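In this note's numbering, the protein residues as written are 324 to 662.
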């Protein structure tokens, strides 16, 4: 699928970018070129120590910001596939710096779309978040806007052979700033208690490897306009605490501003345009000038979800247990973890 192709990853030095590059180099040894596009010089330097161009001759490292329309066009020359992972992701940071968040998450998305159209890119897959579903904070609102831009881009492609789609998923297990590394650090530091926002809180859980697999699926199967959503388990925040440090007291500190008690990935309204495609759902565009709904159904071999369906972290049929959380911590985060 990627052999002989040139791939660009915006925000390519992040957790996803590193995992995606590792997967490409392992599974597609004949990939033509992998362009890592990001603005962090230090992160690019660190990544080059892992994947030096002297050994991995496919690798290219572009310093650039998605806000810079001309620079992203330069990086997209000769590219077949774009994975758009660059974003401002911290909820608190976005609330305090709203214009900066909009410039990156909305303006940057538009720049990537224009570059793809200008440079003859064939496939574009943008990473989204469950916070884009019925958003209550600026980060979620900008990512919803970004999603809409990428989906609508299919309507302005004209005669160009390019497809734009989105993947939406929940909390990545072990990612920077997430709850599991935070609790592990508290335990290692000998804290007196674990601070929990609310005992009732639930979240979706996905590993980096599953996130990469979802993007690969989208590249292979999308026809343009779909938002792909994985069927992944939920966890209760209280079970994370029990899995990591059952002996430590717990202190509720309250939900932070802009935070939900439970996250959604498909609303009741979205469900009217959502296909069940096996391991994933596909939310179809409400307005499409490229394909009729019947064509999406035929392409994916699927049917629409029933009226009233919605997919949220508290109504999930798949749940992590204390034991499964411990197993995944050992597998994905810390091989030496023990209670």
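Just so you know, even glycine gets a beta-carbon here, dropped at the ideal spot from N, CA and C.
Owing to the predicted nature of the structure, the values given are computational and were not obtained by experimental measurement.
- The distance from the Cβ of residue 589 to that of residue 538 is about 19 Å, inconsistent with a contact at the 8 Å cut-off.
- Per DSSP, residue 659 lies in no alpha helix (DSSP H) segment and is marked neither H nor E.
- Proximity of the stretch 610 to 626 to the stretch 497 to 509 falls short of the contact definition, fewer than three beta-carbon pairs being nearer than 8 Å.
- Around the CB of residue 629, fewer than 16 other CB atoms lie within 10 Å, so the residue is classed as exposed.
- Short of 7 Å from the beta carbon of residue 421, and not among the five residues preceding or following it, lie these beta carbons of its own chain, in chain order: 461.
- Counting other Cβ atoms within 10 Å of its Cβ, residue 324 stays below 16 and is therefore classed as exposed.
- Residue burial annotation: residue 661 is exposed, with fewer than 16 other C-beta atoms found within 10 angstroms of its C-beta.
- By alpha-carbon distance to residue 526, the top candidate from 652, 386, 402, 636 is 636.
- For residue 338, there is no enclosing beta strand (DSSP E); the residue is found in the alpha helix (DSSP H) stretching over 338 to 350.
- Annotation for residue 451: 466, 470, 489, 491 place their beta carbon closer than 6 Å to its own, counting only its chain and skipping 5 residues before and after.
- In the DSSP annotation of this structure, the continuous segment of the beta strand (DSSP E) that includes residue 407 starts and ends at 404 to 407.
- The C-alpha of residue 602 lies about 26 Å from the C-alpha of residue 476.
- For residue 485, the three-state secondary structure derived from DSSP is coil.
- For the pair residue 447 and residue 473, the CB atoms are nearer than the 8 Å cut-off.
- In this structure, DSSP gives residue 625 a state outside helix and strand, which the three-state scheme calls coil.
- Following the DSSP letters along the chain, one finds residue 528 inside the beta strand (DSSP E) bounded by residues 525 to 529.
- In terms of CA proximity to residue 409, 362 leads the group 619, 362, 586.
- Look at residue 605 here: in three-state DSSP terms it is strand.
- In the three-state reduction of the DSSP assignment, residue 555 falls in the coil class.
- Counting along the chain, residue 362 sits inside no alpha helix (DSSP H), nor does DSSP assign it H or E at all.
- Where residue 392 is concerned, the enclosing alpha helix (DSSP H) starts and stops at 392 to 398.
- With fewer than 16 other Cβ atoms from the protein chains shown falling within 10 Å of its own Cβ, residue 377 counts as exposed.
- Annotation: residue 384 to residue 650 spans about 35 Å, alpha carbon to alpha carbon.
- Under DSSP, residue 331 shares a beta bridge with 358, 405.
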